[in-house]
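Taking it in order: structure first as structure tokens, then the write-up.
In our numbering, the protein residues as written are 43 to 385.
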């Protein structure tokens, strides 16, 4: 751990009751002895139980077909999500007018996120209409098993095929130990060579085999040479997926205006491509403390913060950087959908 990490020592025990996931940053979470005796398993089981109870309260806001799809697959896929005229207007807007943006590099892949904060889309009616549509956000809350305000961006993924600079997102993984939701509303057709989302259907379900696999990995995660595993984002290969009894991974090759909302406790990845690729989507994520007994009381819904989540995140990143903690996202000039990366 970095020396500054020890400043959090008084919080290590408190963080057991939060969404904290790094085995390396928190010696209690990473303790082989505690995990051998069930610490990680207890967190997984309790988080799953709490999500199930919250999800039952959120079910009234989503369609029965979506509930059935999520229960079976761990994701919901909807074609033609937006009215065609609105979708086309959003595309024209994003291709012509820039938004405040950040970029990060992972291997040979650059990911750009552009702000959809309310002040940034003021005077842009198509984007405002999208943000006023509750269907996506209600569905995300159900899949995540929690209430709250999703963080929403325009995301562009620009990838170069380069085996010497691997992208960690190309490996099947789970984001964390509990249900979270991510959504992609694709702004163009996504083919097999466009870096589609890969998802293992049904892998959001906590089977006995999955629990045993996580238990074994939790005892050595803090010392794992893969920094993603040490940070709590467990990686898995296809043979192990099959051994655990899950179905074959499914690549989301879909037409434009398709929405996918997935529980990223399930195994997923970004498909690698043999050629340069670029895909864009409206992207949203929702992750909260998995042990909360309520669906509300989200800080991001408070006046002065709601609708300004990208701004708040940028402010937090700037504050952390002053203390020597550099985040992966870099400020870049405002970008249109078609603009090249800056990093």
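We put the CB at the ideal spot given by N, CA and C, even for glycine.
| Asked | Found |
| --- | --- |
| Quick one: using the 10 Å Cβ neighbour count with 16 as the cut-off for buried, is residue 68 buried or exposed? | buried |
| Determine which residues share a DSSP beta bridge with residue 348 and list them. | DSSP, once it has assigned bridges, lists no residue as partnering residue 348. |
| Could you tell me the alpha carbon to alpha carbon distance between residue 349 and residue 211, rounded to whole angstroms? | 28 Å |
| Residue 174: which of 344, 92, 192 and 378 sits nearest, CA to CA? | 192 |
| Please list the segments of the alpha helix (DSSP H) lying wholly inside the region 109-172, counting only runs of 4 or more residues, in order along the chain. | 126-138 and 160-163 |
| Could you tell me whether the Cβ atoms of residue 226 and residue 239 are closer together than 8 Å? | yes |
| Among all the DSSP beta bridges, which residues are the ones paired with residue 211? | Note: residue 211 sits in no beta bridge, so no partner. |
| Just to confirm before moving on: does the CB-CB distance between residue 130 and residue 221 stay below 8 Å? | no |
| Quick one: Cα of residue 313 to Cα of residue 101, how far? | 31 Å |
| With DSSP as the reference, please indicate the residues paired to residue 200 in a beta bridge. | 152 and 320 |
| Could you pull the start and end residues of the alpha helix (DSSP H) that residue 375 belongs to? | No alpha helix (DSSP H) holds residue 375; the beta strand (DSSP E) holding it covers 372-377. |
| Bridge partners of residue 277, per DSSP? | 215 |
| Which first and last residues belong to the beta strand (DSSP E) in which residue 312 is found? | 310-312 |
| Quickly, what does DSSP pair residue 293 with across the bridge? List them, please. | 240 |
| Does any C-beta atom of chain C lie closer than 8 Å to the C-beta of residue 306? | The displayed structure is made up of one protein chain only, and chain C is not part of it. |
| If you follow the beta strand (DSSP E) that residue 226 is part of, which residue opens it and which one closes it? | 223-228 |
| Taking a contact to mean a Cβ-Cβ separation below 8 Å, would you say residue 121 touches residue 300 in this structure? | yes |
| Which partner residues of residue 325 appear in the DSSP bridge assignment? | 195 and 226 |
| Where does residue 107 fall in DSSP's three states? | helix |
| Would you mind sorting residue 357 into buried or exposed? The rule is 16 or more other CB atoms within 10 Å of its CB. | exposed |
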